[in-house]
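Okay, so here's the structure we're looking at.
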Amino acid sequence: MERKYTPQEIEKKWQTAWEERGIFKAKEDPTKKKYYLLEMFPYPSGKIHIGHVRNYTIGDVVARYKRMNGFNVLHPMGWDSFGMPAENAAIEHGIHPATWTNENIAYMKKQLNEMGFSYDWERELSTCEPEYYRWEQLFFLWMYKKGLAYKKGSVVNWCPSCQTVLANEQVEAGQCWRCSSEVGEKYLDQWFFRITDYVEELLNYCDTLTGWPERVLTMQRNWIGKSYGCDIYFPMADGDDMIKVFTTRQDTVYGATFMLIAAELPLVVELIKGKPIEDDVREFVEKVKKQDKLMRTSEYYEKEGIFLDAYCINPVTKKKMPIFATNFVIAEYGTGCVMAVPTHDQRDFEFAKKFDLPMIVVIQPHNKSLNIHTMTEAYVEEGILVNSGQFNGMESTKALDAIADYLESIGQGKKATQYRLRDWGISRQRYWGAPIPVIYCDQCGTVPVPESNLPVILPREVEFTGEGGSPLARYEPFVNTTCPQCGEKAKRETDTMDTFVESSWYFERFCSPHYAETPGLDRKSVRYWMPVDQYIGGIEHAILHLLYSRFYTKMLRDFGVLECDEPFTNLLTQGMVCKETMRCKAHGFLFPDEVRDGKCVHCQGQAVVGKSEKMSKSLKNVVDPDYLIKKYGADTVRTFCLFAAPPEKDLEWSDQGVEGSFRFLNRVWRIVMDYLDDIKDVTPCDGKEPLEDDLKNLRRKTHQTIRKVTRDIEERFHFNTAISAVMELVNAVYLMERPSAGNTKALSVIREAIETIIVLLAPIVPHITEEIWTLIGHETNLADVPWPEFDHEVAAEEEITIVIQVNGKVRSRMVVPADEDGEKIKSLALDDEKVARFISGKKVLREIYVPKKLVNIVVQ
RNA sequence: GCCUGGGUGGCGGAAGUGGUAGACGCAAGGGACUUAAAAUCCCUCGGUGCUUAGCACUGUGCGAGUUCAAAUCUCGCCCCAGGCACCA
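Residue numbering for the first sequence follows the working numbering, starting at 1499 and increasing by one per position.
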């Protein structure tokens, strides 16, 4: 009886064998070229989801491919194991975050192993362990010393449900990005990392990241948001004070007729002190402060403002400008004050109309003439300056510089640059994070924990109630300590660090994961492995993590522990995994196994198929990797994830498509079993004997397939087309007429084709190929077999098809020898029978010949 | 509103620099094998029309344009996805 393909058996067997042989352990070897491949490590949430499976499959194929190409590959995996879900589990189920996390890690590690990923597990790291975060605390101390870590009071986003501070970028539409509660505000003292010290380098080095998708770089540049402009000083009408504004449109300064300031600014209260309108303004400010939250959630809202009964002076026109407090100027950007030019800024225009404020046109477009009485919107484009004193007649683009220079010369302004990027707030009022190594002493103030006292270990014995802030702050044995300077009683910092800090340097720690000496990074190892040659992860996590990692790498470089400027040479951002949703009227969204024959299993109601969306638990459109592995095996799951779409695009999940991938692997298995006895003792064709007809064609196809697969993987990671090419080769073997058992010439060609199929598929489906590799008589690890090379001559076509067009329409085709002369081809085309029908009686104007492709005959 | 991607058969997707549209797979249909079914192997498969071994027309979101030739380039519009949120 012929042996059947039994993935469950084969996969387990090889996974054990690889582990026993330790073939994926990475060692530094200066004689070999290194290749550091990394996928974004997961948060141990409980189970691997299909997005992980896709991400890690892509990475594994690249790792195995590079290995077969002779690289010394580093392919580690670890756990981003600090984070809120663990703490929530503690609150909800009374299970300790550490227990919960470690149980999840154990389960997910088992799942990853079942997928056959080629990780060097000896390098496994978990960021919640003191061996990891102690170095992070050390870096914090160094940062503190250099002023890169500092504390400042600020109004922060406060999630009442998580009892935690959220960074601005973690607030989504006014809601907590994790728990979706409405976000409030709170004033707290917070630790910040001075990422803005590196803003120029972070921006400039974007240009050097040629291995990154342009899309991601654009996002990063926009996030940094550098803008060139000018600070302008507007003296107060009374007194010696002045208001400073930042603008990128100093060319419109002659049109500035009033001043807008953010309602929250302390300046507002100062200006109105003792005036009759004081109460009204205070009321307005309070309203705006409350409105703020809602404002973030609504798409359109009214531009509101209130006159402060105060004036400043336009420094160039000397005219008085009324000052308003408003709800639409951002306090945190620039100085929180804006010079309003209603004619050339749409928001200012709307505001001026509402309050009937003066307008002056200062820029005239080239093609029309603006008039303040007929304008219906602001003109924001370029033009010629008018009503602008000595600058009249100047192009607005030139006036930017000229006016900035002028303001500087009269001492009323200064050229300036602004960034959108703000410092990174890292304080979290949470338990499950790395403690910030700082002590507060009544005598000595803020005292950093001495390096020799690190790590500050997160205590286990705290209580989780889910209320009243961080459990750490209530745990006395941790809080109460002595001052390292004066020895008196003191208290510890109870904030922990943002988990983005851990993921900002884990790729460096992977180079020497067990190095126990300061600074936790072995210089020699880091020098050998860094930077990461290929980083792979989902685009949705990209901006913040990547920017913070870049910052941290540059900072560690400046501390002298690293030698590279950028952590990731090449970046691949994979698309999301999507699937259609199902729902019924009574039960809402349904899991796939809650639907049978188009009906809800609970109520027999009609299940409605919705549009395809990103897989998520809330939409219940998920598939379970455990189930898939059990039913089809890991190789099938890997094949489908790669075959259904190129990595950068979203992947449409299809159960039938998985079935098809399984069928393909069975097809490979069967053809080999079919030939097994006949080819066992035959050596693969070496090309020394001449071949003809079918054999020659099959050998050509074999070498063309090597060429195609190598290009698809090497140049753009398009595994879908690579797999297609192998499928074609498999189909070609199936279509071969079966040679007799003694026909070694034919069998050697078939053996070459089969071995090629196996080796080309090896990185994609490592288990089935390793099994077949052994069955056909090899003893070496398939993972160490060199990637095949193709023979240009064998792969070359002898005959090519030339398309014949008449006036650009395909009318005929002809087959000619590949090296046929161009003139000959043109004359053959004119003589073509079918073509004759279309050109007879017409005048041939010209003939275009595209070598080896087509002839186009233009007639009239 | 702004930024960034993207719209190709019933479906997922192929088509390095403009040059045979629809590779490969799924679904569908037919045939072989079988007592039968499943599995397997082989064939067909964008649409329309006709004088149907074939031929013609049409077809890559819509409308123009450049070109001997456009899925690909240019302009305008529509739709979808992701990111950002009054950034002065």
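Glycine is no exception: its CB is placed at the ideal position from the N, C-alpha and C atoms.
For residue i, which option in the options has the closest C-alpha, if you only look at C-alpha atoms?
i	options	result
Ala1524	Ser1616, Asn2218, Ile1955 and Trp1598	Ser1616
Val1560	His1842, Asp1749 and Gln2032	Gln2032
Pro1628	Trp1598, Gly1931 and Gly2240	Gly1931
Arg2007	Phe1691, Leu1572 and Phe2141	Leu1572
Met1757	Phe1853, Gly1723, Ile1775 and Gly1709	Phe1853
Val2059	Gly1772, Met2028 and Asp1738	Met2028
Gly1943	Glu1986, Pro1953, Leu1919 and Val1960	Glu1986
Lys2118	Phe2141, Ala2105, Ile2127 and Pro2090	Pro2090
Asp2020	Tyr1503, Phe1522 and Glu1526	Glu1526
Glu2296	Glu1712, Val1977 and Asp2191	Asp2191
Gly1911	Ala2293, Arg1719, Asp2289 and Val1743	Val1743
Ile1759	Val1783, Asn1869, Ala2105 and Tyr1752	Val1783
Phe2141	Ile2127, Phe2162 and Asp2122	Phe2162
Phe1580	Thr1963, Thr1994, Tyr1605 and Arg1780	Thr1994
Glu1518	Asn2279, Ala2334 and Ala2294	Asn2279
Ile1556	Pro1711, Ser1968 and Met1613	Met1613
Thr2071	Cys2183, Arg1501, Met1717 and Glu1509	Met1717
Ile2127	Arg1562, Met1582, Glu2269 and Leu1610	Leu1610
Glu2150	Gly2073, Leu1765, Thr1997 and Phe1889	Gly2073
Thr2051	Met1575, Leu1700, Asn1567 and Pro1574	Leu1700
Asp1903	Ala1971, Arg2236 and Gly1727	Gly1727
Beta-carbon within less than 8 Å of residue i's beta-carbon, same chain only, minus the 5 sequence neighbours each way: which residues are those?
i	result
Phe1569	Lys1530, Lys1531, Lys1532 and Tyr1533
Leu2328	Ile2337, Val2342, Glu2345 and Ile2355
Val1945	Val1936, Ile1937, Tyr1938, Cys1939, Cys1981, Pro1982, Gln1983 and Ala1988
Ser2047	Ser2001, Ser2002, Trp2003, Phe2005, Pro2065 and Phe2066
Arg2165	Val2228 and Tyr2232
Once you ignore the five residues that flank residue i on each side, which residues in its own chain have a CB closer than 6 Å to its CB?
i	result
Ile1485	Outside the displayed span of the chain (1499 to 2358) sits residue 1485, for which this structure offers no information.
Ile1603	Pro1542 and Trp1577
Ala2220	Val2207, Asp2210 and Ile2211
With H, G and I counted as helix, E and B as strand and the rest as coil, what does DSSP make of residue i?
i	result
Thr2079	strand
Leu2273	helix
Phe1638	helix
Met1717	helix
Met1793	Caution applies to Met1793, whose pLDDT of 47 falls short of 50 and renders its modelled position unreliable; the value that the coordinates give is listed next. Helix.
Asn1978	strand
Asp1921	coil
Glu2187	coil
Asp2063	coil
Thr1915	strand
Pro2182	coil
Leu2343	strand
Ile1828	coil
Leu1855	coil
Asn2119	coil
Pro1733	strand
Lys1532	strand
Asp2091	helix
Leu2005	First, the residue type needs correcting, since residue 2005 is Phe and not Leu in the sequence shown. Phe2005: helix per DSSP, three-state reduction.
Looking at the secondary structure, which residues open and close the alpha helix (DSSP H) in which residue i lies?
i	result
Asp2192	Asp2191 to Arg2214
Met1819	Taken as a continuous stretch (DSSP letters only), Met1819 belongs to no alpha helix (DSSP H), being part of the beta strand (DSSP E) at Lys1818 to Thr1824.
Phe2049	Ala2040 to Asp2056
Ile1775	It is not in any alpha helix (DSSP H) - Ile1775 carries neither H nor E in the DSSP assignment.
Asn1865	Here Asn1865 belongs to no alpha helix (DSSP H), and DSSP marks it neither H nor E.
Val1571	Premise fails: Val1571 lies in the beta strand (DSSP E), Asn1570 to Leu1572, not in any alpha helix (DSSP H).
Under 6 Å from any heavy atom of the ligand COA, does the C-beta of residue i make it?
i	result
Met1566	The model on display carries no ligand, and the ligand COA is accordingly not part of it.
For the beta strand (DSSP E) that contains residue i, what are its first and last residues?
i	result
Asn2354	Leu2352 to Val2357
Gly2036	Val2030 to Gly2036
Glu2321	No beta strand (DSSP E) holds Glu2321; the alpha helix (DSSP H) holding it covers Gly2320 to Asp2329.
Just to confirm my understanding: we take residue i, look at its own chain, exclude 5 residues before and 5 after, and list those with CB closer than 7 Å. What are they?
i	result
Ala2244	Leu2193 and Pro2237
* Asked: Does the count of Cβ pairs from the region 1583-1594 and the region 2305-2321 closer than 8 Å reach three?
  -> no
* To do: Answer yes if the region 2038-2046 comes into contact with the region 1505-1516, meaning at least three C-beta pairs across the two stretches below 8 Å, and no otherwise.
  => no
* **At least three beta-carbon pairs within less than 8 Å, the region 1909-1926 to the region 1948-1962** => no
* Below 8 Å, can you find three or more Cβ-Cβ pairs linking the region 1638-1650 to the region 1540-1549? -> no
* How about the region 2202-2222 and the region 2275-2294: do they share at least three Cβ pairs that are nearer than 8 Å? -> yes
* Asked: Would the region 1843-1853 and the region 1869-1881 be scored as touching if the rule is three or more Cβ pairs under 8 Å?
  -> yes
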